[in-house]
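Numbering follows the numbering used here, with no gaps: position 76 of the sequence shown is 81. Note that the Cβ used here is the ideal one computed from N, Cα and C, for glycine as well. Note that the coordinates shown come from a computational prediction; the quantities given were computed from them, not determined experimentally.
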Amino acid sequence: MLCCKTELIAQYATILGVIATVASAFWALKQYREERNFKKASFFIELRERFKNNSKFNNIRRILENGENINSIIQTDKYDYVGFFEELQIAINSKYISPELVYYLFGYYIIQCDRAQLINRELQLWRAFKQLADKMSELDNNFQYSNKLKF
C-alpha cells in the first residue's frame, strides 16, 4: 500500500512539474512578445523623431510639398532622404515591421518623393527604395483603414 501511495505522489509531482514548466514557457513567451513590441514601438518613435527633427529632411519635405525645383536640393541630402526610406524597406524585408505600418506613418512622404523623381529609381543602387515606393503606391491605391495597425 505504501508503494502505491509513493508512486501516486510521484505521478502527481510529475504532473505538477509539467504544468509548472508549460505555464512558465507560456509566461516567458508572453514576456518576449511584449518586449519585442516595446522595442518595435521604440524603433518607430526613434524613426519618426529622426525624420521629423532633421532640418535637411524638413527642407526636402517643404520643397516637395510646395512643388519647388528639386534641383536646389544638394545631392547628398537627397541620398540621405531616400536612404532613410530604404532603411524602412530593409526593416520590412527583415519582417521587423509591416508595410501597412510604414504606409500609415511614412507612405505619404515616400510616394511624394517617388513622384517628384528625387532620384533615378531605375538605378540598382536604389532598388530598395523602388520596392518600397511601389508597395506604398499599391497600398495607397487600395488603402482601407484597419484597427489592426500595431507594432
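In whole angstroms, what is the alpha-carbon distance linking residue 93 and residue 107? 7 Å
Inter-residue CB distance, residue 77 and residue 68 (contact presumed, cutoff 8 Å): 7 Å
Which same chain residues end up closer than 7 Å to residue 66 when comparing Cβ atoms and leaving out the 5 residues on each side of it in sequence? 114
Proximity winner among 99, 138 and 121, relative to residue 111 (alpha-carbon distances): 138
Could you tell me the distance, in whole angstroms, from the CA atom of residue 144 to the CA atom of residue 130? 24 Å
C-beta atoms of residue 45 and residue 102 nearer than 8 Å: yes
Got a sec? Which residues, its chain only, sit under 8 Å from residue 63 by beta carbon, not counting five neighbours each side? 57
CA-CA distance, residue 133 and residue 91? 5 Å
Where are the beta strand (DSSP E) runs, 3 residues long or more, that stay fully inside the segment 98-143, in chain order? none
By the three-class DSSP mapping on this structure, what secondary structure does residue 56 have? helix
CB of residue 95 within 8 Å of CB of residue 104, strictly: no
Straight-line CA distance for residue 123 to residue 83? 7 Å
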